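Residue numbers (my numbering): 273 to 632.
C-beta: ideal position from N, C-alpha, C; glycine also.
Note that the structure is a prediction, hence the values are computed from the model and not measured.
Right, one structure below, let's go through it.
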Ligand SMILES: O=C(O)CCC(=O)C(=O)O
Ligand SMILES: [Fe+2]
């Protein structure tokens with residue numbers, strides 16, 4: 273497998289902390305040794321779960337990493353949360369100022385003679401909100417998504433206009449971008465509480481490993497996630513989860529949907545940049561319902577809850593609160609879908625009850 277060779281060549285092999293380098297090698301060796309062909313894009317059988325968005329028009333201004341860098345500085349100025357992550361420690365590093373994030377991204381892939389590789393940080397930012405002068409200046413939203421009556425997307429108010437006097441506030445799709453250093457590995461996780469994620473790949477070579485939210489996969493993932501033991505590793509996910517699909521992205525700016533509840537892990541082979549938008553889609557409803565049931569079953573067994581599990585379930589229901597507003601908007605937008613509409617309405621009411629019960 274070419275990616276295994278790439279991982280063992282400069283700049284990844286000398287620019288990456290040994291812990292990350294070892295882990296990446298093991299993951300890629302494991303993938304290379306699989307006996308069954310894994311559906312993969314852009315070079316393999318068609319994917320069943322991940323949806324690639326092919327736009328027929330090309331009238332968009334292409335997003336560029338410089339837009340995301342502008343967003344990063346604006347977020348630092350506004351004190352917005354950008355989910356700074358230390359990839360070696362596999363944990364949050366929000367105390368780092370923006371210049372350290374930039375320094376780490378620039379040094380990733382370098383082997384500074386005078387610095388011990390163990391001292392080089394591997395920091396990236398996972399949720400940089402768009403700003404008026406950055407991605408807010410680019411129309412990224414595919415027409416297919418914009419015109420779909422069974423989809424709503426997250427929006428936020430953004431100040432646009434070069435100088436303060438002429439600036440206005442506009443409601444724009446709430447893109448949140450990710451800048452990751454060479455050799456970064458993000459372990460298996462789900463984002464949101466059943467909503468999908470529209471991803472626009474902007475730059476870099478990245479390998480996405482994705483697993484559909486089948487009852488089997490969600491059960492294994494959530495049980496492991498809540499066990500309080502070591503985090504669920506990418507290697508364990510490859511062994512234990514079903515229906516893996518791979519996406520290898522490089523120079524081409526691909527847009528795709530990770531459907532609600534998709535468990536995913538990501539390897540960054542060259543400095544990477546992409547952006548994501550939360551979508552609430554009618555077809556996600558069954559999964560959102562399933563995820564909510566699993567989480568509330570866990571909450572309803574206090575004897576099995578420890579503080580970490582309790583807090584992670586609480587976080588889920590806290591996030592669900594915001595997503596319920598999107599579900600309600602979607603329900604109102606597609607009123608002609610009577611039966612599903614009523615089901616969603618009842619589910620919203622039930623979920624609001626749960627949120628009240630958990631005092632969120
Ligand atoms: O690029 C990464 O390392 C993680 C990206 C990710 O999980 C996401 O954008 O949802
Ligand atoms: Fe993610």
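Proximity test, residue i beta-carbon vs ligand 1 heavy atom, cut-off 6 Å
i           : result
residue 421 : no
residue 305 : no
residue 545 : no
residue 452 : yes
residue 456 : yes
residue 406 : no
residue 459 : no
residue 296 : no
residue 538 : yes
residue 548 : yes
Endpoints, the beta strand (DSSP E) within which residue i is located
i           : result
residue 410 : No beta strand (DSSP E) contains residue 410, which DSSP labels as neither H nor E.
residue 442 : 440–445
residue 538 : 535–540
residue 403 : Unbroken run through residue 403: none, as it is neither H nor E.
residue 461 : 457–461
residue 468 : 468–475
residue 356 : 356–358
residue 319 : Segment: none, residue 319 is in no beta strand (DSSP E) and carries neither H nor E.
Backbone CA spacing between residue i and residue j [nearest angstrom]
i           : j           : result
residue 693 : residue 489 : The requested residue 693 does not occur in the structure, where the chain is confined to residues 273 to 632.
residue 406 : residue 376 : 21 Å
residue 342 : residue 401 : 10 Å
residue 326 : residue 374 : 32 Å
residue 413 : residue 472 : 9 Å
residue 484 : residue 628 : 30 Å
residue 572 : residue 492 : 19 Å
residue 631 : residue 379 : 45 Å
residue 463 : residue 438 : 37 Å
residue 383 : residue 556 : 45 Å
residue 576 : residue 586 : 15 Å
residue 276 : residue 421 : 43 Å
residue 607 : residue 433 : 37 Å
Any non-hydrogen atom of ligand 2 within 6 Å of residue i CB
i           : result
residue 463 : yes
Start and end residues, alpha helix (DSSP H) containing residue i
i           : result
residue 379 : 370–379
residue 582 : 579–605
residue 345 : 337–350
residue 618 : 610–629
residue 300 : 290–305
residue 310 : Where residue 310 is concerned, there is no enclosing alpha helix (DSSP H), given that its DSSP letter is neither H nor E.
residue 417 : 415–418
residue 509 : 506–512
Residue i - DSSP class collapsed to helix/strand/coil
i           : result
residue 553 : strand
residue 287 : helix
residue 431 : strand
residue 527 : strand
Expected contact under 8 Å - CB spacing of residue i and residue j to nearest Å
i           : j           : result
residue 454 : residue 287 : 5 Å
residue 333 : residue 411 : 7 Å
residue 424 : residue 601 : 5 Å
residue 536 : residue 460 : 7 Å
residue 551 : residue 417 : 7 Å
residue 365 : residue 358 : 4 Å
residue 480 : residue 538 : 5 Å
residue 545 : residue 340 : 5 Å
residue 290 : residue 381 : Between residue 381 and residue 290 the Cβ distance is about 15 Å, and since that is not below 8 Å, they are no contact.
residue 554 : residue 467 : Between residue 467 and residue 554 the Cβ distance is about 12 Å, and since that is not below 8 Å, they are no contact.
Residue i CB to nearest heavy atom of ligand 3 below 6 Å
i           : result
residue 340 : In the structure shown, ligand 3 is absent; the only ligands present are ligand 1 and ligand 2.
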